[in-house]
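In what follows, a single structure is set out as structure tokens and then discussed.
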Amino acid sequence: MSNKIFHTLYGIIEQPLFFELYSSGKLKSCILNRMFQLSTDYGKFVPQYENAGIRRKNTCSLSFYENGMIKSVSLQTQTPVVTKYGVIPAEYITFYDTGEIKRIFPLNGKLSAYWDEDDEKELADDISFNLSCGSFNNKIIGFYFYKAGDIKSVTLWPKEKAKISTSQGILPVRIGFSLYENGSIKTLEPQLPIDIKTPIGVVKAFNNKVLGLNGDINSLSFYSDGRIKSLTSTSNIIIVLYKDKIMYQFMPELNPSILGEDELELSPLLIEFKDNKVIFNNDISMEIDKYSFTIERYTFSIKNSCKNCNSCNGCK
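For reference, each letter of the sequence shown is one residue, going 3 to 318 in our numbering.
Here is the structure:
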């Protein structure tokens with residue numbers, strides 16, 4: 003424990019257990035061992051100052067931007083936060099350097115041999131909220147907000163499913179989704195292969211290799227006006243023809259698995275649309291109106307490399 007005393011924009015922090023400074027000498031982060039009340043535009047929060055056992059992370063109680071504004075707070079107990087979408091429970095909150103809430107995490111437990119993902123999920127309550135793309139009642143890992151307070155992305159707990167209204171109809175979603183500031187869908191992660199109408203025809207969109215870390219960026223993306231921007235497919239071969247002659251064939255690829263030399267894994271085909279062009283695998287680009295496209299089903303035989311891990315999102 004230090005004998006330091008720090009004067010912050012939020013009050014005096016006395017004798018933190020640990021602290022870190024910027025090169026300018028300003029407080030960057032600290033671990034508290036006594037109660038401190040943090041007053042913000044969203045109410046008063048009590049940062050973590052006690053070790054609550056095997057579940058809670060031994061992390062910084064507070065961190066600050068160099069301008070003195072709060073950057074993050076790990077809360078002593080789960081605390082209700084009032085947002086545009088109702089009250090959201092929080093154990094960990096991050097902020098923009100101008101004071102607005104950036105992210106809210108309802109839970110912030112430490113996964114270990116003594117406390118696993120299933121234990122943590124048991125503590126998660128369903129959170130209800132309404133968006134222009136649908137109504138939700140799900141277990142949520144985290145909310146990401148724009149500065150104005152509108153939701154930027156939502157990350158679902160593994161195995162949680164939701165349905166979202168899009169320009170392509172109501173789509174089943176896993177892992178999460180992101181929104182433009184106007185509330186329209188930006189990206190989402192399909193729960194299963196789904197038919198998507200594109201400028202080259204109907205393609206089944208699905209990503210079998212999604213990591214599922216958060217809902218910020220997902221494999222099916224839209225422009226703000228609802229047009230398809232990009233997708234991945236594990237189900238289709240795209241045949242490109244010019245004057246009835248086959249010029250290209252694009253399909254998912256079978257590659258050696260990182261789990262073992264004797265196993266193969268499927269790498270999805272990435273398709274992007276920009277202006278009047280279609281781009282395959284970030285490589286070959288062509289003008290759509292100069293070619294014709296045939297979409298066929300891609301069939302393959304592959305050994306399932308699923309290891310039934312706790313974070314499984316159904317990648318069968």
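Just so you know, even glycine gets a beta-carbon here, dropped at the ideal spot from N, CA and C.
Comparing C-alpha distances from N184 to each of Y148, I290 and A207 shows the shortest one belongs to Y148. Of the candidates R36, F97, L40 and V84, R36 places its Cα closest to the Cα of Y51. Burial state of K73 is buried, judged by a 10 Å Cβ sphere holding 16 or more other Cβ atoms. Within the model, the alpha-carbon separation for L243 versus I198 is close to 21 angstroms. In this structure, DSSP gives D291 a helical state, which the three-state scheme calls helix.
Around the beta carbon of A150, fewer than 16 other beta carbons sit within 10 angstroms, so the residue counts as exposed. Assigned with DSSP and collapsed to three states, E68 falls in coil, not helix or strand. Buried is the label assigned to I166, since at least 16 other Cβ atoms lie within 10 Å of its Cβ.
Taking the C-beta atoms as reference points, F107 is found nearer than 7 angstroms to Y94. Residue pairing by DSSP places I297 opposite I240 in a beta bridge. Residue range G45 to F47 is occupied by the beta strand (DSSP E) that includes K46, with no alpha helix (DSSP H) assigned at that position.
Using a Cβ distance threshold of 7 angstroms, V48 and Q78 count as a contacting pair. When rounded, the separation of the alpha-carbon atoms in I172 and I240 is 25 angstroms. Assigned with DSSP and collapsed to three states, D121 falls in helix. If only complete runs of 3 or more residues are kept, the region 155 to 195 shows the beta strand (DSSP E) at 163 to 168, 171 to 181 and 187 to 192, in order along the chain.
In this structure, the beta-carbon distance from L222 to P254 does not fall below 7 angstroms. With 16 or more other CB atoms across the displayed protein chains lying within 10 angstroms of its CB, E162 is buried. In this structure, the straight-line span from the alpha carbon of Q17 to that of S26 is close to 20 angstroms. Considering only A115, A92, Y67 and C135, the residue with the shortest C-alpha distance to D127 is A92.
Assigned with DSSP and collapsed to three states, S269 falls in strand. In the structure shown, K247 adopts extended strand secondary structure according to DSSP, grouped into three states. The alpha-carbon of N284 is positioned some 22 angstroms away from that of F179.
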